[in-house]
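S.K.: Residue numbers (our numbering): 752 to 1330.
#1: In whole angstroms, what is the alpha-carbon distance linking residue 924 and residue 1098?
#2: Between 829, 827, 855 and 828, which lies nearest to residue 840 when the distance is taken from Cα to Cα?
#3: Report yes if the CB atom of residue 1128 is closer than 8 Å to the CB atom of residue 1104, and no otherwise.
#4: To the nearest whole angstrom, what separates the beta carbons of residue 1092 and residue 1195, a pair I think is in contact under 8 Å?
#5: Per DSSP, what kind of secondary structure is residue 1138 in: helix, strand or coil?
#6: Which runs of the alpha helix (DSSP H) fall wholly inside the segment 782 to 842 and span at least 4 residues, in chain order?
#7: Report the partner residues of residue 1160 according to the DSSP bridge assignment.
#8: Count the CB pairs spanning the segment 1047 to 1054 and the segment 1079 to 1086 that are closer than 8 Å, and state whether there are at least three.
#9: Assuming residue 1111 is part of the alpha helix (DSSP H), what are its boundary residues?
#10: For residue 1180, I'd like the list of residues in its chain whose CB is within less than 6 Å of its CB, leaving aside the five on either flank, ordered along the chain.
#11: Quick one: grab the DSSP three-state call for residue 846.
#12: Quick one: what does DSSP say residue 1229 is sitting in, helix, strand or coil?
#13: Identify which residue in 1202, 978 and 831 has its Cα closest to the Cα of residue 1403.
#14: Would you report the Cα separation of residue 794 and residue 834, rounded to the nearest angstrom?
#15: Taking 8 Å as the threshold (C-beta atoms), are residue 1067 and residue 1076 in contact?
#16: Just the C-alpha distance for residue 991 and residue 810, rounded to the nearest angstrom, thanks.
#17: Taking Cβ positions only, does residue 1172 come closer than 8 Å to chain D?
#18: What do you get for residue 941, buried or exposed, if any count of 16 or more other CB atoms within 10 angstroms of its CB means buried?
#19: If you run the structure through DSSP and keep just helix, strand and coil, what is residue 1084?
#20: If we ignore side chains and look at the alpha-carbon of each, how far apart do residue 798 and residue 930 end up?
#21: Looking at the unbroken alpha helix (DSSP H) that takes in residue 878, where does it start and where does it end?
#22: Within this structure, are the beta carbons of residue 1152 and residue 1173 separated by less than 8 Å?
#23: Output the distance between the C-alpha atoms of residue 1064 and residue 1056, rounded to the nearest integer angstrom.
#24: By Cβ distance, which residues of its chain are closer than 7 Å to residue 995, with the 5 residues on each side in sequence left out?
#25: Whether or not the segment 944 to 964 and the segment 972 to 986 are in contact is what I'm after, with contact meaning three or more pairs of Cβ atoms, one per stretch, closer than 8 Å; do they touch?
#26: Write down the C-beta distance between residue 812 and residue 1165 rounded to the nearest angstrom, noting that I regard them as a contact closer than 8 Å.
#27: Hey, residue 895 and residue 1133: beta-carbon distance below 8 Å or not?
#28: Cα separation between residue 998 and residue 1106?
#29: By how many angstroms is the C-alpha of residue 890 removed from the C-alpha of residue 1333?
#30: Cβ of residue 1126 within 8 Å of Cβ of residue 1159?
#31: Can you grab the Cα-Cα spacing for the pair residue 872 / residue 1003, in whole Å?
#32: Helix, strand or coil for residue 930, going by three-state DSSP, please let me know.
#33: Measure from the alpha carbon of residue 853 to the alpha carbon of each residue in 912, 1187 and 1014, then state which is nearest.
#34: Are residue 786 and residue 1137 close, meaning C-beta to C-beta below 8 Å?
#35: Determine the DSSP secondary structure at residue 1341, reduced to helix, strand or coil.
#36: Taking just the CA atoms, how far does residue 1026 sit from residue 1020?
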């Protein structure tokens, strides 16, 4: 027996109706594949972490040297040295490179230590490398623990705001950040990079927020990050890229307050600024030399490293002057690509990743702990990227290689030679992928110009103007693919470009044949005349009288048509309108 329809519509039946199946949401949901980026990243990190721990325990800790600073007696000394330097009135006279806000922070730590301990432990505050036994004293150790705990709590709070998802996912990502290679190396050095990273995260999370107060907090956070370490200044590009010019102006004011003004309040003003710039220049030049190849690779030293491998296997040699020139061009070229992507890339994680790349690769003083900034675009990628393709997996793998802990034996010893090289080359690989995307987007733009029948080199000004319009998406008349976006890859694939050229060539050839003068048009085949159907309309009295008066007229003649009322149309006109 059939069940009676009680009027209730079952959920399963509603879903299977043709109307529900053909909706855009249903079609999009059926065609989309859930990306596996999170699984891929966490599996890669777990494999490297397992190998890292196995290597440490199997060698009784001997291989741990491959993840830490080469001088085992210099642990935490970035912090201790900086605290002691601020015992003098102007620390910039003794080669200090930290901005004034960081120096003031170390001054606060210095004030915790009793004066008697300084007399017994510190002999000369101006000495570049302090005695290692100062870490044994109770007061010296306590101020470091206090600073480290506060900095770690601020960093974890920033990660909680940055990472989306539930509590378990946030805890998992925080664990990854703490076990990452940059964090381990930062903890060994006792460096203050943790605070600039945290304040940069606050800026990136809140600078687009609806609340005016939080947007202002974001601007202040970036200024504080820059005043603690100069590196985050590259993220000012984001304000320009998002056309937040008023916020950019206010950010410059905050930078002046936190970075420049303390020189005049606490130190010797312009003289201290000049000394700090001199110290930074010397620090950068000392670490950018070709001889310092065993450490991390900035963009310039990446060229030297690649050239060394090429010379070893091919025998090609370049003179020293040309080598230095090419290395400098390579450095500025990669930095330019990163800045261009930071301006015009549509995805936020990609902009932040490439700006972090130039933050790491451009200064000659690049160190492993600077890669802690890569935690930020990695979290953004895992949360926001939905397009699953080979290019995005390549980006994710490069981001993973910058932070995974690894130990690789170099010769007969464990050191940071290969781990630092792999991380640096992963940064360069990420920039290389972005460069390929830029070339492909340029090809798509050129194809769009060709379709509009615009010559590429019509005028230099028009070409640059149109390219900037294309990249900045200023022309709202028709939707155009944005530079570095995934849309050009779909709409302007190489196969489609070449097929379009073939189709255009065939259509142009047809047009030329049709428009050739002097040729007679092709004769159309004769068709049989169409006989009009006899009218089935009955003759009215008026029609009969007209036919009697003029026998040449027929019922279908226009003069004999029936009168049309005001609200009607003749059937012929109605057919034309319908057509």
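Heads up, the beta-carbon is just placed ideally off N, CA and C, and yes, glycines get one too.
M.R.: Per the coordinate set shown:
#1: 21 Å
#2: 855
#3: yes
#4: With a Cβ gap of about 16 Å, residue 1092 and residue 1195 do not count as contacting.
#5: coil
#6: 788 to 809 and 828 to 836
#7: 1165
#8: yes
#9: 1099 to 1112
#10: 1149
#11: coil
#12: Summary for residue 1229: the model assigns pLDDT 43, below 50, so the residue's position carries little reliability; its value from the coordinates is reported in the next sentence. Note: residue 1229 maps to coil in three-state DSSP.
#13: Given a span of 752 to 1330 for the chain in the structure shown, any question on residue 1403 remains unanswerable.
#14: 40 Å
#15: no
#16: 51 Å
#17: Here chain D cannot be found, since the structure has a single protein chain.
#18: buried
#19: helix
#20: 13 Å
#21: Per DSSP, residue 878 belongs to no alpha helix (DSSP H) and is neither H nor E.
#22: yes
#23: 13 Å
#24: none
#25: yes
#26: Going by Cβ atoms, the distance from residue 812 to residue 1165 rounds to 10 Å, so no, they are not a contact pair.
#27: no
#28: 19 Å
#29: Because residue 1333 is not part of the residues shown, which for the chain are 752 to 1330, the question remains open.
#30: no
#31: 42 Å
#32: coil
#33: 1014
#34: yes
#35: Outside the shown range of the chain, which is 752 to 1330, sits residue 1341, and nothing can be said about it.
#36: 10 Å
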